[in-house]
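Some notes on the structure that comes next.
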Amino acid sequence: MIIFRWDKSQNQPELIRIRGYPAEVHHVTTRDGYVLQVHRIPRGVSPGPRPCAPRTPLRTQKAKGTRWVLLQWLNHIYARAIPRCDSGQGKRRVVLLMHGVLSSSDDFVLNDPHQALAFMLADAGYDVWLGNARGNTYSRRHVTLSPDQPDFWDFSWDEIARYDLPDMLAYVRNTTGAPTLDYIGHSMGTTVFFAMMDYYPHINGWVRKMVAMAPSAYIHNIFAGYRLLSMFNQMVGGSASKYETGRLSAETKTSLAKLCSPEAWTSSICLKVIALVAGPSRHEIQRDYLPVIVAHTPAGVATRILTHYSQLILARRFQAFDYGPTRNLDEYGSLTPRQYSLKRVTVPVGLFWSEDDWINTPRDVARIAKELPNVTLNYKVPVRRFNHLDFLWSENARRLVYIPLMKFLKA
1 MIIFRWDKSQ NQPELIRIRG YPAEVHHVTT RDGYVLQVHR IPRGVSPGPR
51 PCAPRTPLRT QKAKGTRWVL LQWLNHIYAR AIPRCDSGQG KRRVVLLMHG
101 VLSSSDDFVL NDPHQALAFM LADAGYDVWL GNARGNTYSR RHVTLSPDQP
151 DFWDFSWDEI ARYDLPDMLA YVRNTTGAPT LDYIGHSMGT TVFFAMMDYY
201 PHINGWVRKM VAMAPSAYIH NIFAGYRLLS MFNQMVGGSA SKYETGRLSA
251 ETKTSLAKLC SPEAWTSSIC LKVIALVAGP SRHEIQRDYL PVIVAHTPAG
301 VATRILTHYS QLILARRFQA FDYGPTRNLD EYGSLTPRQY SLKRVTVPVG
351 LFWSEDDWIN TPRDVARIAK ELPNVTLNYK VPVRRFNHLD FLWSENARRL
401 VYIPLMKFLK A
């Protein structure tokens with residue numbers, strides 16, 4: 001059931017609050033000067049963790065004999081059943097969610113609360129944080145640069161792995177006081193996590209469990225159409241006339257929302273376009289939500305990020321951006337780009353993948369699973385025709401992905 005009315009002006013905090021959840025906006029300044037907007041749902045609308053126990057024990061006046069023994073026994077049971085306020089055990093578990101390419105933190109809140117992952121986690125007792133990578137709708141600021149300057153866009157997802165993600169993790173830990181947290185990534189959100197651990201293996205100690213939805217590291221077996229586009233991209237020099245792509249104007253979003261509205265005959269075309277990009281699907285997005293989705297996705301991305309993925313497709317390796325020998329020497333200290341090692345990801349990992357994902361295919365996921373040293377769950381979505389974007393927007397994602405995912409985190 002749809003519980004809110006779409007408005008093109010609604011940003012993520014408004015989308016959260018209109019469902020009755022609290023929302024916070026935080027800003028993280030990275031070590032290289034980008035200002036990232038991070039969103040937080042500190043609690044759900046359903047009951048969370050039980051309150052911690054009072055500091056004083058149970059007692060009555062003039063307890064003697066059998067009554068005194070009974071009170072001592074009750075105090076012992078009470079203290080074990082409910083954590084005390086100063087024990088730290090009554091706090092909510094912390095989780096950080098990270099989006100994929102051309103996306104933002106909006107991805108995790110666009111469905112109804114009982115179907116959207118961020119709301120489900122909040123209602124399950126989590127303190128939910130949602131990251132945004134540099135260059136998307138929410139993270140278009142820098143301490144000295146403007147998005148109108150080419151230097152602002154001088155990054156690939158390697159910089160997200162080196163700066164954005166570790167700095168967001170550090171901020172969340174410092175703000176919450178939690179020594180460890182859970183991490184959930186979709187697509188590029190998994191790529192940057194894996195690469196980050198190659199740069200900073202000590203961050204494994206910050207993460208309790210990692211969930212990889214549509215895991216992305218090796219992508220050579222991607223749908224043939226994407227391979228052809230990658231070859232063309234390399235032939236023209238791996239560059240484009242624009243430094244960013246996929247950021248739509250308000251007018252364009254309004255037009256798309258009308259075309260994709262459930263009343264329009266063109267709404268079926270919108271669903272077909274999504275399937276063309278992500279793979280075949282019979283677990284359809286609710287048509288009532290198509291206008292909401294196109295109002296928030298795509299959220300913009302640096303062109304170099306797409307070029308970086310093109311390089312991975314053709315190189316068949318998991319590596320940093322290839323600038324060419326001269327700049328590679330400056331960036332990496334070698335003529336060739338740095339090779340990331342999945343062996344450095346020692347945190348327990350749960351892989352969630354599907355048979356008909358055209359972007360992160362079963363063959364590539366199998367290679368990732370083989371190289372990761374601590375895969376504690378390798379979960380294949382138990383149906384066919386579940387695609388790359390169904391992990392986010394399908395009305396069946398709750399049953400097929402999110403409930404198993406939350407069981408993995410809870411274990």
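Its first residue numbered 1, the sequence shown is counted upward by one per residue in UniProt numbering.
Glycine residues also receive a C-beta, built at the ideal position from the N, C-alpha and C atoms.
All figures in this text were calculated on a predicted structure; none of them were measured in a lab.
Item	Value
Using 8 Å as the threshold, is the stretch 348 to 357 in touch with the stretch 322 to 335, meaning 3 or more CB pairs across them?	no
So which of His296, Asp198 and Arg317 has the shortest CA-CA distance to Asn111?	His296
Whether or not the stretch 136 to 153 and the stretch 314 to 325 are in contact is what I'm after, with contact meaning three or more pairs of Cβ atoms, one per stretch, closer than 8 Å; do they touch?	no
Taking 8 Å as the cut-off, does the stretch 285 to 303 touch the stretch 101 to 116 (at least 3 CB pairs, one atom from each stretch)?	yes
Compute the distance between the beta-carbons of Gly246 and His99, then report whether it is under 8 Å.	no
Just to confirm, are His308 and Trp153 a CB contact at a threshold of 8 Å?	no
Rounded to the nearest angstrom, how far is the Cβ of Pro13 from that of His39, given a contact under 8 Å?	6 Å
Which first and last residues belong to the beta strand (DSSP E) in which Phe152 is found?	Looking at the DSSP string, Phe152 is not in any beta strand (DSSP E), and its letter there is neither H nor E.
Are three or more beta carbon pairs between the stretch 174 to 181 and the stretch 194 to 201 nearer than 8 Å?	no
Would you kindly check if the distance between the Cβ of Ile219 and the Cβ of Asn387 is under 8 Å?	no
Please list, in chain order, all residues of the same chain as Ser239 whose beta carbon is under 6 Å from its beta carbon, the five residues on each side excluded.	Legend: pLDDT at Ser239 = 47, less than 50; position of this residue unreliable, value from coordinates given subsequently. Cβ neighbours of Ser239 beyond the five flanking positions: none.
Within a Cβ cutoff of 6 Å, which residues of the same chain sit near Arg344, ignoring the five residues on either side of it in sequence?	Met197, Asp198 and Pro201
Less than 7 Å between C-beta atoms, sequence neighbours within five positions excluded: which residues of the same chain meet that for Pro150?	Tyr243
Excluding the 5 residues flanking Arg80 on each side, which residues of the same chain have their C-beta closer than 8 Å to its C-beta?	Its pLDDT being 44, under 50, Arg80 is placed unreliably in this model, and the value from its coordinates should be taken loosely. Contacts found: none.
Cutting at 6 Å between CB atoms, please list the residues of its own chain near Pro113, excluding the five before and the five after it.	Arg19 and Phe119
Based on the DSSP secondary-structure assignment, which residues constitute the bridge partners of Met98?	Gly185
Under a three-way DSSP split, which group does Glu251 fall into?	helix
Nearest-angstrom Cα distance between Arg398 and Ser249?	31 Å
Can you tell which of Ala315, Trp358, Trp129 and Thr254 has the C-alpha that lies nearest to the C-alpha of Ile16?	Trp129
Could you tell me the boundaries of the beta strand (DSSP E) in which Trp353 lies?	Val349 to Trp353
Of the choices Leu377, Arg384 and Asp390, whose alpha-carbon is the least far from that of Pro404?	Leu377
Just the Cα atoms here: how many angstroms apart are Ala212 and Lys272?	26 Å
Could you please give me the residues that DSSP links to Lys380 through a beta bridge?	Trp353
List in chain order: all unbroken beta strand (DSSP E) runs of 3+ residues lying wholly within the stretch 189 to 215.	207 to 213
Taking the alpha-carbon positions, what's the Leu121 to Asn374 distance?	24 Å
Restricting to Cα atoms, I'd like to know which of Ile293, Leu36, Pro337 and Leu290 is closest to Leu312.	Pro337
Whole angstroms is fine: what's the gap from Thr254's alpha carbon to Asn11's?	15 Å
Suppose you measure from the CA of Ile41 to the CA of Arg93; what does that come to, to the nearest Å?	12 Å
On the DSSP letters alone, give me the boundaries of the beta strand (DSSP E) that Glu24 sits inside.	Glu24 to Thr29
Thinking Val95 and Tyr126 are a contact (beta carbons under 8 Å), I'd like their distance in whole angstroms, please.	5 Å
In chain order, what residues of the same chain have a beta carbon less than 7 Å from the beta carbon of Val109, not counting five sequence neighbours either side?	Gln12, Leu15, Ile16, Ala116, Ala118 and Phe119
With DSSP as the reference, please indicate the residues paired to Ile41 in a beta bridge.	Val128
Classify Val345 as helix, strand or coil using the three-state DSSP reduction.	coil
Rounded to whole angstroms, what is the Cα-Cα separation between Tyr332 and Ile160?	16 Å
Would you tell me roughly how many angstroms separate the C-alpha atoms of Gln319 and Ala264, rounded to the nearest one?	44 Å
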